[in-house]
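Undergrad:
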Amino acid sequence: MGTFKDKYLTWMNLPVINQIDIVEIVIIAFLLYNVLVWIKNTRAWMLFKGLLVILMFVLVAAVFQMNTILWIAEKTISVGVMALVIIFQPELRRALEQLGRKNFLTGWLSFEFGKNEVKKFSEKTINELVKACYEMGRVKTGALIVMEDSVMLTEYERTGITVDAIVTSQLLINIFEKNTPLHDGAIIVRGDRVVSATCYLPLSDNMELSKELGTRHRAAVGISEVSDSLTIVVSEETGNISVAIGGSLMRNLAADQLKAQLKMLQQKYEPEKKRRGLLKRRLRDAQKDNKADYE
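Going by numbering that gives the first Met the number 0, the residue at position 73 of the sequence shown is 72; the numbering climbs one at a time, nothing skipped.
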């Protein structure tokens, strides 16, 4: 039977797939999946999207035979590879360290697709955040709260202490209370949970920021420059509330303004969800119509 199948596939000009080929496909799929997860969990995700834009321009240049652009791309590709290794040096080193510590059997058996999907926070979390920020502002308790969006902040989460607790105003106030073990640094909020505290964030080197701003504000702008997160800052000197997003800083926000910014982040992908829901409803309706026709 096996000989007949091989002859049939050869006659049809189709490749013969044996057990080794299947194992090879599984290994490649496993490695590719882990590389994509690694890219998603680091700053490499944003840089990867930038590289895709550049590759699209090169593809357009190839289609329209733009020889000058193709020549420049060809000459810079070797330099680009070296630049990527330098840029991703900390992430690559960390990935290799994790690879050395990893239990391969567990890794093979514990595929958790969708684990890294960012869950949007609820209305209750917004109210608790606003309440905590303005209570801390009233007594001039400094705070730095990072609201994670689609870009995972795992590498900054590792610099802090794991908390993994539901967001409440009392928890936030206790974390940032002066002279407590967790008050220094930032907290990272993923969905409705505080995942880590005392996290170190990158400082912005934007020379246009006011000189009167301290380390908290520069760290808030810094994390917003390397991710799509929203960061809330409570000033220890003035008690004012600021929000950093997209590399810009909005200062002295009122409670309704802060709530509006959080709602914008919460509802960022609502149109996409509605489109998916509409598509699912149409598919269900089509299936019902088909069943009715058969009956």
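Beta carbons: idealized from backbone N, C-alpha and C, even for Gly. Note that the structure is a prediction, hence the values are computed from the model and not measured.
#1: Express the C-alpha separation of Asn205 and Leu54 in angstroms, rounding to a whole number.
#2: If contacts are defined as beta-carbon pairs under 8 Å, then Arg215 and Glu147 qualify, I think. What distance do you get, rounded to the angstrom?
#3: Measure how close the beta-carbons of Ser195 and Val162 come, nearest whole angstrom, since I'm counting them as under 8 Å.
#4: Taking Leu264 as part of the alpha helix (DSSP H), name the residues at either end of that continuous run.
#5: From the DSSP secondary-structure annotation, give me the bridge partner or partners of Gly229.
#6: Grab me the residues of Leu181's own chain with a C-beta within less than 6 Å of its C-beta, minus the 5 sequence neighbours each way, in chain order.
#7: Pick out whichever of Glu224, Leu208, Asp191 has its Cα sitting closest to the Cα of Leu200.
#8: Distance, Cα to Cα, Ile68 vs Val52?
#9: Which residues mark the beginning and the end of the beta strand (DSSP E) in which Arg189 is found?
#10: Identify the continuous alpha helix (DSSP H) that holds Arg137 and give its terminal residues.
#11: Who are the Cβ neighbours of Leu104 in its own chain at under 7 Å, not counting the five residues just before and after it?
#12: Looking at the unbroken alpha helix (DSSP H) that takes in Ser168, where does it start and where does it end?
#13: Who are the Cβ neighbours of Arg217 in its own chain at under 7 Å, not counting the five residues just before and after it?
#14: For the stretch 247-257 and the stretch 139-157, state whether three or more C-beta atom pairs, one from each stretch, are separated by less than 8 Å.
#15: Please look up how many angstroms separate the CB atoms of Val166 and Ser228, rounded, as I've assumed it's under 8 Å.
#16: So Ile231 and Gly136 are supposed to be a Cβ contact under 8 Å. How far apart are they, rounded?
#17: If you follow the beta strand (DSSP E) that Thr161 is in, where does it begin and where does it stop?
#18: Is Thr197 helix, strand or coil by DSSP?
#19: For Met151, which three-state DSSP category applies?
#20: For Ile19, does the three-state DSSP call read helix, strand or coil?
#21: State the CB to CB distance for the pair Tyr155 and Ile187, rounded to an integer number of angstroms; the pair is presumed to be in contact (CB under 8 Å).
#22: How about Lys139 and Thr237: do their beta carbons lie closer than 9 Å?
#23: Can you grab the Cα-Cα spacing for the pair Gln169 / Glu134, in whole Å?
#24: Using three-state DSSP, classify Met249 as helix, strand or coil.
TA: So, from the data block:
#1: Taken atom to atom, the span from the alpha-carbon of Leu54 to that of Asn205 is near 29 Å.
#2: Actually they do not touch by this definition, with Cβ atoms about 18 Å apart.
#3: Yes, they are in contact, since the Cβ atoms of Ser195 and Val162 sit about 6 Å apart, within 8 Å.
#4: Note, Leu264: alpha helix (DSSP H), 254-265.
#5: First, the residue type needs correcting, since residue 229 is Leu and not Gly in the sequence shown. When beta bridges are read from the DSSP output, Leu229 appears opposite Met146, Ile244.
#6: Sequence-distant partners of Leu181 (beyond 5 residues in either direction) whose C-beta falls short of 6 Å from its own C-beta, in its chain, are Ile174, Ala196, Thr197.
#7: Closest by alpha carbon: Glu224.
#8: Taking the Cα positions, Ile68 is about 15 Å away from Val52.
#9: It spans 185-189 - the beta strand (DSSP E) in which Arg189 sits, taken as one unbroken run.
#10: From DSSP, the alpha helix (DSSP H) with Arg137 extends over 122-137.
#11: At Leu104 the pLDDT is 47, less than 50, meaning the model places this residue with poor confidence and gives no usable figure here.
#12: 168-175 is the extent of the alpha helix (DSSP H) around Ser168.
#13: Taking C-beta separations shorter than 7 Å and ignoring five residues to either side along the sequence, the partners of Arg217 in its chain run Leu202, Ser203, Leu208, following chain order.
#14: No: fewer than three Cβ pairs fall under 8 Å.
#15: Between Val166 and Ser228 a beta carbon distance of about 15 Å is seen, past the 8 Å cut, so the two are scored as non-contacting.
#16: Rounded to the nearest angstrom, the Cβ distance from Ile231 to Gly136 is 10 Å, too far for a contact under 8 Å.
#17: Residues 160-165.
#18: Residue state, collapsed to three classes: strand.
#19: In this structure, Met151 counts as coil in the three-state DSSP scheme.
#20: In this structure, DSSP gives Ile19 a helical state, which the three-state scheme calls helix.
#21: Right, their Cβ atoms sit about 7 Å apart.
#22: Yes, Cβ-Cβ distance for Lys139 and Thr237 is below 9 Å.
#23: Cα to Cα, Gln169 sits roughly 10 Å from Glu134.
#24: When DSSP states are grouped into helix, strand and coil, Met249 belongs to the strand group.
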